[in-house]
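Visitor: Below: one structure in structure tokens.
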RNA sequence: GCCGGUGUGGCGGAACUGGUAGACGCGCCGGACUCAAAAUCCGGUUCUGGCAACAGAGUGUGGGUUCGAUUCCCUCCACCGGCACCA
């Protein structure tokens, strides 16, 4: 054993040891309980960032811990390898996306290996490999057959200069990111997956996901957005034809208070009216250009314009004006709303602004208005009793909704309806670097699916996109083909699939990544569901919802036996770092990396400022944010690993904050972790040295012959084991587990008993420390385990230690004594003392008597093993 | 605007089921070692008063329940995250 802790040497040796034994390769084994621990696979952007390191460290700790608990643990890793950044990189440097992506994968794989994660690399997959994405295509064809996949038009952002479709993130202030040209909305044919068919099931099943964070379930429920209401039809005549304007409302009880209707700018009625009304046409154009549907627009001014058209109230027969409103969404419900200004805040402000009548039809308990109110009051929206509503007067909310829905239905002018916010999933992307959609367009036969025998439709890997449209559409070797039906020359579909498709089932493929004749096989049933899924909260909605949907489709096709893929979900918090800046002479802001900044403290350790190391001049602290290039506050994992070693980085990440909280990066914190590693190493080293000097076996422990001080140290070791086991296994918090081990190590370093029994206790405790820390800092622990006399023994295959119940027994315990809830003393009593004995000991304590003297004692509360509270 | 989350020393955090507030670490202060520095080790570190024993205050604000509240309930405030003007 080396005297000095040198992580570079230790980690290289231990990684070689694992590699030699194929320590992380795992096979299905029906004799053992299985545990599938999965971290979200990364996009191969080039380098790992600290968020990845945190994510995968959490997964690795859980995996290693469960393995030591006796589970057959699967922890795979792969690459979410299709996507836009590869195309952007190609445009910049002319390298084909395939090449760029595979280089990145190779580099990042080495990074992951240097961190010592126990991944089974034999199951590695990349979604850009045909052996993977062919099954996207295969399942898409099954979905087509089932009617789950279908074609309809959809609206996309069109850059007229580059003649290309832009992603939302490529549209900045309504302009194309590269060309700066105003983006147009275009309607093009696309393929959709009918996720709405599963809406009710996806919603209902959320209740069964008890292992998911409450907030993620809430976010999904809101996203699915079930709402019960009534579809109301307002009849009208146009060009001599009788038609209806449909609206959806959850407040059918306020129908008698309708004074206008508002339609979305894209609504056909708006389009019709605009034809003969240039001002309206201009207004509609404005609305469409605005960055609609963004959160900040919640505060946007509600604007509208009359169409000049009128519809008929389905019950009163009154004429109702139709407006175009910038706040009405075409994508929700019918793209039209009924305006009830007396009982809806938006409608109220709209009516006030444009002088529309306000008609109270609900008595919300505050009575009837004598005059129209000038200000909105949230109470107006409450449920109440119908008034001014003719035959509905006196009905409450539910009764009125039922009665009105029934009357509308009788006339064929409406019915109760369930409305979903969720819409079908558009998977077509007009991009090159993705999975080709397996269809062929034939002039005679229409859209023809590629026959299974011709799969996969291979994506050519040598193309370099230049930003002007999809290169597939210009590559005849890809484009030109024969119609599988009639043999006539035909054109291949050039759209590729949304990359969310790739990530919707990769967790299934890890079970059988080597199968080239089927998408999944029996092994999936052994491993699924994923027992622990770990990833960022940013995937709380889309990825997780799509994966749940996709798994259900595969279930319905008989391919898998689970409907819910992820049993437990841990959403790890973001990694933040300080932001330092300085305003330059020309008014720009310059950001400095925290590594180049020195923080200044006062004599009490409070932070008073910061300055740049290179010039000593002050810099401004702007708080902490997620690491990003633009704020120059990133930290490179690779530099840290070479400076401190993987174990110190892993230890710091797990110690600094609970996994679900944000983690504030600090260089001093990593130094602290490294310091702890050196300390641990030294304590084991000194113990081992002592053993070698005495050249004998470790004295055997004789629990019955221990002194009180020796028993206390042994009790500390075993009770730490109890806590650490619970913290990692049940509570999934690692910071407190590490703190407990640090405390134990502090105890051990003060325990300088060199008697044979003292040495035996130290040896036992150090073995426990090394075992307890091994999921977190696996390299150093393996080396220390060998140094403690287990040469060549793989710690990862050792069973997790069990505490000795006898070591935990305590003869005496300390009881806290309070007087009127305030701490006034402590007494030590035998552990098995009766309540009466504890009470009299407490009352007799000197400091307590001082406070109770001469006062009548009203009550004494005794909490077993904890405290006594004397009420006077 | 809505939904969700979080507020505890100089800082990150701990206190799991209502029972000793501040574990553990960082920073800071003091000491040992050293010619010196770094590293390492030892001690101290919520605030106020006191040499001390000890006393008082204290978990964003104001209230409530309780023998007892960081923990439960209500009000308000601040910050963070998500988004969907959802009819």
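In our numbering, the protein residues as written are 3 to 874.
Backbone N, C-alpha and C define an ideal beta-carbon position, used for all residues, glycine too.
Determine the extent of the beta strand (DSSP E) in which residue 816 is found, giving its start and end residues.
Guide: 814-821
Visitor: How many angstroms separate the CA atom of residue 614 from the CA atom of residue 648?
Guide: 28 Å
Visitor: According to DSSP, simplified to helix, strand and coil, what is residue 33?
Guide: coil
Visitor: May I ask you to report which of helix, strand or coil DSSP gives residue 846?
Guide: helix
Visitor: Rounded to the nearest angstrom, what separates residue 159 and residue 98 at their Cα positions?
Guide: 25 Å
Visitor: Exposed or buried, which one is residue 3 when buried takes at least 16 other CB atoms within 10 Å?
Guide: exposed
Visitor: Find the nearest neighbour of residue 540 within the set 104, 218, 229, judged by alpha-carbon distance.
Guide: 218
Visitor: On the CB-based measure, 16 or more other CB atoms within 10 Å of its CB, does residue 848 come out buried or exposed?
Guide: exposed
Visitor: For residue 792, which of 700, 822, 250 has the nearest alpha-carbon?
Guide: 700
Visitor: Determine whether the beta carbon atoms of residue 164 and residue 185 lie at a separation below 8 Å.
Guide: no
Visitor: Can you list the alpha helix (DSSP H) stretches of 4 or more residues lying completely in the region 701-772, in chain order?
Guide: 710-728, 737-752
Visitor: Using the Cα positions of residue 435 and residue 448, report the straight-line distance between them to the nearest angstrom.
Guide: 25 Å
Visitor: Work out the CA separation of residue 705 and residue 674 for me, nearest whole Å.
Guide: 35 Å
Visitor: So residue 637 packs on residue 594, CB below 8 Å; how close in whole Å?
Guide: Their Cβ separation, rounded to whole angstroms, is 14 Å, which puts residue 637 and residue 594 out of contact at 8 Å.
Visitor: Need the endpoints of the beta strand (DSSP E) that residue 151 sits in, please.
Guide: 151-161
Visitor: Kindly confirm or deny that the region 303-311 and the region 398-406 touch, where touching means at least three C-beta pairs closer than 8 Å.
Guide: no
Visitor: For residue 574, does the count of other Cβ atoms within 10 angstroms reach 16, so buried, or fall short, so exposed?
Guide: buried
Visitor: Note down, one range per segment and in chain order, each alpha helix (DSSP H) of at least 4 residues found wholly within the region 513-556.
Guide: 524-529
Visitor: Buried or exposed for residue 253, going by 16 or more other Cβ atoms inside 10 Å?
Guide: buried
Visitor: Tell me whether residue 851 is buried or exposed, calling it buried when 16 or more other Cβ atoms sit within 10 Å of its Cβ.
Guide: Counting other Cβ atoms within 10 Å of its Cβ, residue 851 stays below 16 and is therefore classed as exposed.
Visitor: To the nearest whole angstrom, what separates the beta carbons of residue 681 and residue 775, a pair I think is in contact under 8 Å?
Guide: Incorrect: roughly 12 Å between the Cβ atoms, too far for contact.
Visitor: Using a 10 Å radius around the Cβ and a threshold of 16 neighbouring Cβ atoms, would you call residue 878 buried or exposed?
Guide: Lying outside 3 to 874, the shown extent of the chain, residue 878 is not represented and no answer is given.
Visitor: Given a threshold of 16 other Cβ atoms within 10 Å of its Cβ, counted over all protein chains shown, does residue 870 qualify as buried or as exposed?
Guide: buried
Visitor: Within this structure, are the beta carbons of residue 330 and residue 266 separated by less than 8 Å?
Guide: yes
Visitor: Quick one: Cα of residue 127 to Cα of residue 515, how far?
Guide: 7 Å
Visitor: Take every Cβ of the region 517-534, pair it with every Cβ of the region 466-477, and state whether three or more of those distances are shorter than 8 Å.
Guide: no
Visitor: Report the rounded CA-to-CA distance for residue 413 versus residue 372, giving the unit in angstroms.
Guide: 34 Å
Visitor: If residue 78 and residue 40 are in contact, beta carbons under 8 Å, what's the gap, nearest whole angstrom?
Guide: 7 Å
Visitor: Within the same chain, show all residues whose beta-carbon is closer than 6 Å to that of residue 336, passing over the 5 residues directly before and after it, in chain order.
Guide: 248, 249, 250
Visitor: To the nearest angstrom, how far is it from the Cα of residue 640 to the Cα of residue 61?
Guide: 19 Å
Visitor: For residue 603, count the other beta carbons within 10 Å of its own beta carbon; 16 or more makes it buried, fewer makes it exposed. Which is it?
Guide: exposed
Visitor: Suppose you measure from the CA of residue 488 to the CA of residue 152; what does that come to, to the nearest Å?
Guide: 22 Å
Visitor: Could you give the distance in angstroms between the alpha-carbon of residue 806 and the alpha-carbon of residue 766?
Guide: Going by the C-alpha atoms only, they are around 11 Å apart.
Visitor: Quick check: the Cα distance between residue 824 and residue 868, rounded to an integer number of angstroms?
Guide: 14 Å
Visitor: Note down, in chain order, each residue of its chain lying with its Cβ closer than 8 Å to the Cβ of residue 109, except the 5 sequence neighbours on either side.
Guide: 48, 49
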